[in-house]
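Working notes, beginning with the structure itself.
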Amino acid sequence: MMKFKYDLQNILNLKEKMEEQKKMALKNAHQHLEVQKDKLNHLHDRLDASNGSFRDRVCHTIKVREIRTLNHINQYMQTCIREQNTVVEQATYEVESKRVALTEALMEKKMYEKLKANAYESYKVAFNKEEQKKLDEIVSYKYCKIAR
8 MMKFKYDLQN
18 ILNLKEKMEE
28 QKKMALKNAH
38 QHLEVQKDKL
48 NHLHDRLDAS
58 NGSFRDRVCH
68 TIKVREIRTL
78 NHINQYMQTC
88 IREQNTVVEQ
98 ATYEVESKRV
108 ALTEALMEKK
118 MYEKLKANAY
128 ESYKVAFNKE
138 EQKKLDEIVS
148 YKYCKIAR
C-alpha cells in the first residue's frame with residue numbers, strides 16, 4: 008500500500024502560514040500599544056512637571072503673563088493627553104481585533120489538523136485491512152499447497 012498522503016496538506020500549510028502572520032501582526036500591535044502607552048506616560052510626566060513648576064512659581068512673586076503662559080501650557084498638555092488617550096484606545100482595540108483574528112486562525116488550523124488525524128486513522132484502518140487480506144491470501148495459498 009502507498010505512503011499516507013493528506014489531500015488537504017496544502018490548505019493545512021496555508022493555515023499554518025496564516026497563523027504565523029497573525030501572530031506577527033498581534034506582536035506588532037502589542038508593540039505599537041506599548042509605544043503609545045509610553046508616550047501617554049511621558050505626557051503625564053510633563054504635565055506633572057508643569058504643574059509642579061506652576062506651584063513653585065506661585066509661592067514666589069509671579070507676573071500675570073507667566074500665569075497665562077503656564078495656563079496655556081497646561082491646557083495644551085491636557086489636550087495632548089486626551090488625544091493620546093484616544094490613540095491608546097484605538098491601539099487597544101487593534102490589539103483585541105488581532106487577538107480575535109489569531110484565535111480564529113488557530114481554530115481553523117486545529118480543524119484541519121483534526122481532519123488530517125482522522126484521515127490518517129482511516130488510512131491506518133485501510134492499511135491494516137489490506138495487510139490482513141494479503142496475509143490471509145498467503146496463509147490460504149500455503150494451506151492449499153500443503154493440502155494438495
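One rule links them: number in the working numbering = place in the sequence shown (from 1) + 7.
C-beta: ideal position from N, C-alpha, C; glycine also.
It should be emphasised that the depicted structure is a prediction, and the values quoted were computed from it without experimental measurement.
For Thr-68, the three-state secondary structure derived from DSSP is coil. Taken atom to atom, the span from the alpha-carbon of Glu-128 to that of Met-118 is near 15 Å.
Taking a cut-off of 8 Å on C-beta distances, the segment 64-78 does not touch the segment 101-116, as fewer than three cross pairs fall below it. Looking at the backbone, the Cα of Val-102 and that of Asn-125 are separated by about 34 Å. With a cut-off of 8 Å on Cβ pairs, the segment 92-109 is in contact with the segment 38-51, counting three or more such pairs. Here Tyr-150 carries a helix assignment [DSSP, helix/strand/coil]. Secondary structure at Lys-10: coil, using DSSP grouped into helix, strand and coil.
For the pair Gln-82 and Lys-46, the CB atoms are not nearer than the 8 Å cut-off. Gln-43 is classed as buried because its beta carbon has at least 16 other beta carbons within 10 Å across all chains shown. The C-beta distance from Leu-109 to Lys-22 rounds to 12 Å, too long to meet the 8 Å contact threshold. In summary, Leu-142 is exposed, with fewer than 16 beta-carbon neighbours lying within 10 Å of its beta-carbon over all protein chains present. Less than 8 Å divides the Cβ of Ala-112 from the Cβ of Met-25. Nearest in C-alpha terms to Tyr-13, of all of Leu-33, Ile-153 and Lys-121, is Lys-121.
Note that the C-beta distance between Tyr-130 and Phe-11 is below 8 Å.
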